[in-house]
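K.L.:
I have a structure here, written as structure tokens, and I will follow up with some questions on it.
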Amino acid sequence: NAGVTQTPKFQVLKTGQSMTLQCAQDMNHNSMYWYRQDPGMGLRLIYYSASEGTTDKGEVPNGYNVSRLNKREFSLRLESAAPSQTSVYFCASSEMGRHNEKLFFGSGTQLSVL
Amino acid sequence: AQSVTQLDSHVSVSEGTPVLLRCNYSSSYSPSLFWYVQHPNKGLQLLLKYTSAATLVKGINGFEAEFKKSETSFHLTKPSAHMSDAAEYFCVVSEEAAGNKLTFGGGTRVLVKP
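Taken in sequence, the protein lines are chains Y and A. Residue numbering for the first sequence follows my numbering, starting at 1134 and increasing by one per position. Residue numbering for the second sequence follows my numbering, starting at 2 and increasing by one per position.
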């Protein structure tokens, strides 16, 4: 049971470099999410996709772009990385995207921008 | 607007003693409330959720939480801590008016002493 799979697990970038974080789920869920986790701040929503073909901004979307490639995959791109984007990034999915629904999380990507 | 405050950033307990993690929320409407747990280097896992049914909610691994509307609280408890309970715990609030978005507390890190 893979669940939600994120790659890579660790990444170090220099300021200005670009990269894409990959996320895939095998539970046939409709909704997918990208969060960032910073110490003492809990998780903050970057972007989400309520269903295949749709994406919407969350609380902290600046500096990021997303692509819902198909129902399984939801990628997060940093076009020009900045030190403020040093964080742990989590992908999550849920069956229908309702407000009281259980989220399933990947194990995270630890990103450092120097 | 919804918000959530976890009153303790760190809690230290001895194995076999009770655990209490405190959470206060603010919500304009009837909220859904969750507790998630994050073990080291892992993604978040749902412990329990409240969705306007019974005010005492039982979750996995012996945890339970009580919704108290008059106190706007949703504290998490466990009668007897186990070493495997050492983790970070997040209280989360959601309401339909916020469009399926979750708001996370800052987290409480639990240390269990043998």
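Ideal placement from N, C-alpha and C gives every residue a C-beta, glycine not left out. Note that the structure is predicted; figures quoted are calculated from it, not measured.
Rounded to the nearest angstrom, what separates Phe1207 of chain Y and Gly1241 of chain Y at their Cα positions?
P.N.:
Going by the C-alpha atoms only, they are around 14 Å apart.
K.L.:
Within this structure, are the beta carbons of Val58 of chain A and Ala88 of chain A separated by less than 8 Å?
P.N.:
Cβ atoms of Val58 of chain A and Ala88 of chain A: not closer than 8 Å.
K.L.:
Is DSSP giving Ala55 of chain A helix, strand or coil here?
P.N.:
Looking at Ala55 of chain A - three-state DSSP - the assignment turns out to be coil, as it is neither helix nor strand.
K.L.:
I want to see whether chain Y comes within less than 8 Å of Asn42 of chain A, judged by CB atoms only; does it?
P.N.:
At least one chain Y Cβ lies under 8 Å of Asn42 of chain A.
K.L.:
Please check if any C-beta of chain A sits within less than 8 Å of the C-beta of Met1152 of chain Y.
P.N.:
No, because no Cβ of chain A sits closer than 8 Å to the Cβ of Met1152 of chain Y.
K.L.:
Return the chain-ordered ranges of every beta strand (DSSP E) run that is complete within the stretch 1195 to 1232 of chain Y and spans a minimum of 3 residues.
P.N.:
For the stretch 1195 to 1232 of chain Y, whole beta strand (DSSP E) runs of length 3 or above, ordered along the chain, are 1197 to 1201, 1207 to 1211, 1220 to 1227.
K.L.:
Is it right to say Val1145 of chain Y is buried, meaning 16 or more other beta carbons lie within 10 angstroms of its own, or is it exposed?
P.N.:
Looking at its Cβ environment, which holds fewer than 16 other Cβ atoms inside 10 Å, Val1145 of chain Y is exposed.
K.L.:
Let me check one thing: in DSSP terms, what residues is Asp86 of chain A bridge-paired to?
P.N.:
DSSP output for Asp86 of chain A lists no bridge partner at all.
K.L.:
According to a CB-to-CB cut-off of less than 8 Å, which residues of the stretch 1197 to 1209 of chain Y neighbour chain B?
P.N.:
The chain inventory of the structure shown lacks chain B, comprising the protein chains Y and A.
K.L.:
Is the beta carbon of Gly1173 of chain Y closer than 8 Å to that of Gly107 of chain A?
P.N.:
Cβ atoms of Gly107 of chain A and Gly1173 of chain Y: closer than 8 Å.
K.L.:
Below 7 Å CB to CB, which residues in the same chain sit around Val1246 of chain Y once its five sequence neighbours on both sides are set aside?
P.N.:
Contacts found: Leu1146, Thr1148, Ala1214, Ala1215, Pro1216, Gln1218, Thr1219.
K.L.:
Could you list which residues in chain A have their beta carbon closer than 7 Å to that of Met1174 of chain Y, in chain order?
P.N.:
The answer, in chain order, is Gly107.
K.L.:
When the cut-off is 8 Å and only beta carbons count, does Thr52 of chain A lie next to chain Y?
P.N.:
Yes, contact with chain Y.
K.L.:
Three or more beta-carbon pairs under 8 Å between the stretch 5 to 15 of chain A and the stretch 53 to 73 of chain A, yes or no?
P.N.:
At 8 Å Cβ cutoff, the stretches do not touch.
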